[in-house]
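Q: Below you'll find the structure I mean.
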Amino acid sequence: MVNFLIRRLFYMLVTLFFVSIIGFALIELPPGSYLDSELQRLRQLGGNLSQSQIRSLEIRYGVNDPTYLKYWKWVSGAVRGDFGESFEYKKPVGELIWGRLLFSVTLAFSSLIFAWLVSIPLGVYAATHRYTIPDYLITAMQFIGVAVPQFLLALVLMVFATTVLKQEVGGLVSQRFVNAPMSWEKFWDFVSHLWIPIIVISAGSTAWLTRVMRANLLDVLNMQYIQTARAKGLKEGVVIWKHAVRNAIHPLVMAIGGVLPALISGEVIASIVLNLPTTGPLLVQALIKQDMYLAITMVMFLSIMLIVGNLIADLLLAWVDPRVRLE
Amino acid sequence: MASVPTTAPESAGKKKKVEDVGQIPQWKLMVRRFRQSRLSVAGGIVLICMYIIVILAEFIAPNDYQKIEADYQYARPSEITFAAGWPGIYAQQAILDKENFTWTVETDYSTVYPINFFVEGHSYKILGLFESNIHLFGVQAPAKLYFWGADGQGRDIFARVLKGGQVSMSVGLVGVTMVIVLGSIIGTASGYFGGMIDNLMQRTIELIQSFPTLPLWLALAAALPREMPVVQRYFFITLVLALVDWTGLARQVRGKVMAYRSADYTAAALAAGGSHLRIILTHMLPNALSHIIVVAALAIPGVILGETALSFLGLGMLPPAVSWGVLLRDAQQVQVIMLYPWMLTPGIAVVLAVLCFNLLADGLRDAVDPYG
Chain A
1 MVNFLIRRLF YMLVTLFFVS IIGFALIELP PGSYLDSELQ RLRQLGGNLS
51 QSQIRSLEIR YGVNDPTYLK YWKWVSGAVR GDFGESFEYK KPVGELIWGR
101 LLFSVTLAFS SLIFAWLVSI PLGVYAATHR YTIPDYLITA MQFIGVAVPQ
151 FLLALVLMVF ATTVLKQEVG GLVSQRFVNA PMSWEKFWDF VSHLWIPIIV
201 ISAGSTAWLT RVMRANLLDV LNMQYIQTAR AKGLKEGVVI WKHAVRNAIH
251 PLVMAIGGVL PALISGEVIA SIVLNLPTTG PLLVQALIKQ DMYLAITMVM
301 FLSIMLIVGN LIADLLLAWV DPRVRLE
Chain R
1 MASVPTTAPE SAGKKKKVED VGQIPQWKLM VRRFRQSRLS VAGGIVLICM
51 YIIVILAEFI APNDYQKIEA DYQYARPSEI TFAAGWPGIY AQQAILDKEN
101 FTWTVETDYS TVYPINFFVE GHSYKILGLF ESNIHLFGVQ APAKLYFWGA
151 DGQGRDIFAR VLKGGQVSMS VGLVGVTMVI VLGSIIGTAS GYFGGMIDNL
201 MQRTIELIQS FPTLPLWLAL AAALPREMPV VQRYFFITLV LALVDWTGLA
251 RQVRGKVMAY RSADYTAAAL AAGGSHLRII LTHMLPNALS HIIVVAALAI
301 PGVILGETAL SFLGLGMLPP AVSWGVLLRD AQQVQVIMLY PWMLTPGIAV
351 VLAVLCFNLL ADGLRDAVDP YG
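Same order as they appear, the protein sequences are chains A and R.
Each residue of the first sequence is one higher than the one before, counting from 1 in the numbering used here.
Each residue of the second sequence is one higher than the one before, counting from 1 in the numbering used here.
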């Protein structure tokens with residue numbers, strides 16, 4: 001176990017090292033730099049800039065350094081927790097992203113829990129009532145759940161919330177609570193804002209997990225020990241939940257690895273549409289404006305989220321299913 | 001990967017035909033199995049119709065997709081009436097609201113303008129080859145036929161959705177072709193030669209999979225210069241989507257090829273002096289082909305959704321090019337959708353296309369293994 005963890009952690013560091021190089025190269029790829037848009041802005045503000053002014057700005061931002069030097073500057077700071085400064089916001093990157101990152105993780109995690117809470121009962125129901133109308137309905141919903149683009153679902157739910165529920169949408173809390181001190185009322189308002197992003201982020205994954213759950217349970221239900229359990233005279237509920245579901249659930253844990261990228265991508269796009277203060281909107285802005293240190297740091301952290309999530313999924317699988325050896 | 005259920009219910013006909021399974025060629029069995037999943041067949045038919053409509057976009061759409069009509073901003077979808085025993089529409093007119101100084105589009109119910117077929121209109125070229133000015137249907141001026149309403153600049157959404165489909169629906173096919181080429185070459189090399197090459201390829205794939213998909217797409221798309229010509233941008237966006245997507249296919253092909261590599265017929269072919277290339281081309285790829293097609297078909301919806309999401313975020317196709325994602329960008333605000341719900345019609349097109357591809361791919365997957 002300890003051996004496995006050490007090996008995985010080491011492997012993780014190596015992966016992250018390569019991820020950082022590729023990510024950095026990608027972000028350095030577009031021609032020009034943040035300085036170009038900054039210069040344009042300064043020109044619009046106050047006429048001409050002299051060559052020496054441009055030169056001093058270039059030195060200050062370090063845009064003409066060779067890529068490996070920029071990379072070294074960033075990575076040597078990053079391991080010490082200093083991720084450089086955002087050009088756009090004139091603030092340290094760390095300061096900008098910690099809060100957002102925390103919220104991203106919370107959203108992705110709550111969506112995963114939500115997807116499980118919905119897909120397990122739905123999958124079990126569909127498997128135990130095979131070829132009935134509810135089963136067909138669940139199957140149909142799965143197909144639609146996978147087919148609807150997340151941003152479209154977000155838009156539709158926002159319209160639904162505004163017109164039918166008369167709820168204020170977008171952002172974390174309603175306007176009147178933005179500057180209010182924390183209170184139960186504000187907390188409730190926050191929770192009522194959360195359901196749209198969680199549904200949007202988890203829709204596709206829920207559909208997929210329901211499918212996996214249904215298929216696995218159908219396989220397990222054909223096994224002989226289920227027949228034995230029934231022959232013993234156990235109640236059907238006990239047979240299903242205690243004997244069958246337990247053995248059908250570990251592929252669901254395995255599926256976390258497949259679902260995580262979708263959850264992280266969903267979190268990014270849902271936050272942009274719903275205007276949530278997570279990494280999504282900031283990342284897109286940083287990429288468009290070539291705010292490179294901000295962009296690379298966020299790409300790194302989203303990758304870390306994915307890699308750590310996969311590790312947790314593996315550990316969880318070993319815990320749920322003792323037959324799995326961590327080797 | 002967990003096993004995924006077959007959606008096709010076992011039909012009664014299957015039992016009857018089971019006896020001749022050993023006697024007919026495999027491809028016939030595949031066709032038979034595919035036909036059994038009616039939803040997949042339906043999905044396939046709808047897709048074929050969609051592709052035909054999209055290819056003939058300019059012929060079918062009554063209006064020019066680019067034409068700005070200041071008088072028809074956010075015009076409602078035309079109401080179709082059968083008042084004259086023949087489908088017709090009422091004319092819409094922009095009227096200045098003198099109190100608020102805003103233009104509103106009102107419908108004038110006094111006259112019915114019948115919808116005529118094969119009318120002359122603006123000229124266009126289908127696929128850039130056949131020039132014509134005949135449109136499938138149209139109405140007499142001053143009425144204007146807006147099936148699905150107009151956008152903020154009075155452009156016909158019906159025409160734009162059809163035109164946008166040319167990009168959105170072809171991106172899936174072109175992107176997946178790139179995925180197939182990349183994935184099968186790398187997967188075959190990896191599985192066939194093993195050793196160092198295999199190790200290197202597998203680590204590369206793991207590395208690519210350590211990036212979350214959307215952020216990686218975003219970073220790649222942001223690297224494209226914004227002032228590229230439309231066709232070039234289309235190509236690069238597709239490439240971006242494919243570059244991230246090929247890893248799954250490569251893994252599947254590798255697994256297959258590794259199994260065939262240790263088969264006796266491969267050893268026989270090697271002993272008979274067959275070159276590696278010949279063995280790969282005649283023994284490996286044809287065997288893996290059905291799997292490649294299925295994995296590719298399963299990847300198409302992802303590519304379509306990817307293009308839509310990128311364009312929606314302003315990093316994919318850019319106006320004046322139209323794709324479904326570009327069109328949905330106009331419907332970003334909740335207020336806009338609430339006032340003009342027809343702005344969401346491109347979204348319905350996306351859902352329909354992706355849904356049908358998923359259904360089709362599902363049936364194909366079942367059909368590939370007809371003995372199961």
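Backbone N, C-alpha and C fix where the C-beta goes; we use that ideal spot for every residue, glycine too.
Here the structure is a predicted model, which is why all the values come from computation and not from measurement.
1. Which term fits N63(R), buried or exposed, when burial requires 16 or more other beta carbons within 10 angstroms of its beta carbon?
2. When DSSP builds the beta bridges, which residues end up paired with I226(A)?
3. Tell me which same chain residues have a C-beta within less than 6 Å of the C-beta of F18(A), skipping the five on either side of it?
4. So, does the segment 141-156 of chain R touch the segment 40-57 of chain R, judging by three or more C-beta pairs under 8 Å?
5. Counting pairs of beta carbons, one from the segment 157-167 of chain A and one from the segment 330-342 of chain R, are three or more of them closer than 8 Å?
6. Roughly how far, in whole angstroms, is the beta-carbon of G175(R) from the beta-carbon of W324(R), given that I think they are within contact range, below 8 Å?
7. Closest Cβ-Cβ distance between P320(R) and chain A: below 8 Å?
8. Please list, in chain order, the chain A residues whose beta carbon lies closer than 8 Å to that of G138(R).
9. How about the segment 250-267 of chain A and the segment 199-212 of chain A: do they share at least three Cβ pairs that are nearer than 8 Å?
10. Would you say A2(R) faces chain A, with C-beta separation under 8 Å as the test?
11. Using a Cβ-Cβ cut-off of less than 7 Å, give me the residues of the segment 133-158 of chain A that come near chain R, in sequence order.
12. So what does E131(R) bridge to, in DSSP terms?
13. Give me the DSSP bridge partner(s) of G138(R).
14. Does the distance from the C-beta atom of I97(A) to that of M298(A) stay below 8 Å?
15. DSSP on K73(A), reduced to helix/strand/coil?
16. Between the Cα of V273(A) and the Cα atoms of L298(R), V230(R) and L328(R), which residue gives the shortest distance?
17. Can you tell me where the beta strand (DSSP E) holding G88(R) begins and where it ends?
18. So the candidates are P212(R), G152(R), M30(R) and G149(R); which of them puts its Cα closest to the Cα of E267(A)?
19. With a threshold of 8 Å, are at least 3 pairs of Cβ atoms found where one atom belongs to the segment 233-243 of chain R and the other to the segment 178-193 of chain R?
20. For T104(R), list the residues DSSP reports as bridge partners.
21. Determine whether the beta carbon atoms of A295(A) and I27(A) lie at a separation below 8 Å.
22. Listing by chain order, which chain A residues have their CB less than 9 Å from the CB of V31(R)?
23. Select from V259(A), A262(A), Y225(A) and G233(A) the residue whose C-alpha is nearest the C-alpha of R246(A).
24. Check whether the segment 131-139 of chain R touches the segment 105-122 of chain R, taking contact to mean three or more Cβ pairs, one atom from each stretch, closer than 8 Å.
25. For L287(A), which residues from the same chain have a beta carbon less than 6 Å from its beta carbon, with the 5 sequence-adjacent residues on both sides left out?
26. Would P229(R) pass as an interface residue toward chain A - the criterion being a Cβ-Cβ separation below 8 Å?
27. In or out: S86(A) buried (at least 16 other Cβ within 10 Å) or exposed?
28. Between the alpha carbons of L289(R) and P261(A), how many angstroms are there, rounded?
29. Helix, strand or coil for A313(A)? Go by DSSP, reduced to three states.
30. DSSP on P5(R), reduced to helix/strand/coil?
31. Nearest to L16(A) by alpha carbon, out of Q285(A), L315(A) and M305(A)?
32. Can you give the Cα-Cα distance for I304(R) and S168(R), rounded to whole angstroms?
33. From E99(R), T282(R) and A267(R), pick the residue whose C-alpha is nearest to that of T188(R); which is it?
34. Confirm, please, whether the CB-CB distance from Y113(R) to A91(R) is below 8 Å.
35. Tell me where the alpha helix (DSSP H) around R8(A) begins and ends.
A: For this structure:
1. Label assigned to N63(R): buried.
2. The partner list for I226(A) (beta bridge, DSSP) is empty, contrary to what the question assumes.
3. Closer than 6 Å at Cβ, skipping near neighbours: no residue.
4. In this structure the segment 141-156 of chain R does not lie against the segment 40-57 of chain R, because fewer than three pairs of beta carbons, one per stretch, are closer than 8 Å.
5. Inter-segment contact for the segment 157-167 of chain A and the segment 330-342 of chain R is present: three or more beta-carbon pairs are separated by less than 8 Å.
6. Contact annotation, G175(R) with W324(R): C-beta distance approximately 15 Å; criterion of less than 8 Å not satisfied.
7. At least 8 Å separates the CB of P320(R) from every CB of chain A.
8. The premise fails here: G138(R) is roughly 31 Å from chain A at the closest Cβ pair, so nothing lies under 8 Å.
9. Inter-segment contact for the segment 250-267 of chain A and the segment 199-212 of chain A is present: three or more beta-carbon pairs are separated by less than 8 Å.
10. Per-residue confidence for A2(R) stands at a pLDDT of 41, beneath the threshold of 50, marking its modelled position as unreliable; no derived number is given.
11. Within the segment 133-158 of chain A, the residues whose Cβ lies closer than 7 Å to some Cβ of chain R are T139, F143, I144, V146, A147, V148, P149, F151, L152, L155 and M158, listed in chain order.
12. DSSP output for E131(R) lists K125(R) as bridge partner(s).
13. When DSSP reads this structure, G138(R) sits in a beta bridge with N116(R).
14. In contact: I97(A) and M298(A) (Cβ atoms closer than 8 Å).
15. Here K73(A) sits in helix by DSSP.
16. For the residues L298(R), V230(R) and L328(R), the minimum Cα distance to V273(A) belongs to L328(R).
17. First-last of the beta strand (DSSP E) with G88(R): G88 to D97.
18. When only C-alpha atoms are compared, the closest one is P212(R).
19. Here the segment 233-243 of chain R lies against the segment 178-193 of chain R, with 3 or more beta-carbon pairs under 8 Å apart.
20. Partner(s): I95(R).
21. Judged by beta-carbon spacing, I27(A) lies within the 8 Å limit of A295(A), meaning their Cβ atoms are closer than that value.
22. Ordered by position in chain A, no residue passes the 9 Å Cβ test against V31(R), which lies about 23 Å from the chain.
23. The shortest C-alpha separation from R246(A) is found at Y225(A).
24. Because the criterion of three Cβ pairs below 8 Å is met, the segment 131-139 of chain R and the segment 105-122 of chain R touch.
25. Within its own chain, the residues whose Cβ lies closer than 6 Å to the Cβ of L287(A), once the five positions on either side in sequence are excluded, are A295, listed in chain order.
26. The beta carbon of P229(R) sits no closer than 8 Å to any beta carbon of chain A.
27. Result: buried.
28. When rounded, the distance between both Cα atoms is 28 Å.
29. Taken through DSSP and simplified to helix, strand or coil, A313(A) comes out as helix.
30. Bear in mind that a pLDDT of 47 at P5(R), under 50, signals an unreliable position, so the number given afterwards is only what the model happens to contain. DSSP places P5(R) in coil when its eight states are reduced to three.
31. Minimum Cα distance to L16(A) is reached at M305(A).
32. Rounded to the nearest angstrom, the two C-alpha atoms are 6 Å apart.
33. The candidate whose alpha carbon is nearest that of T188(R) is T282(R).
34. Yes, they are a contact pair.
35. Unbroken alpha helix (DSSP H) run through R8(A): V2 to E28.
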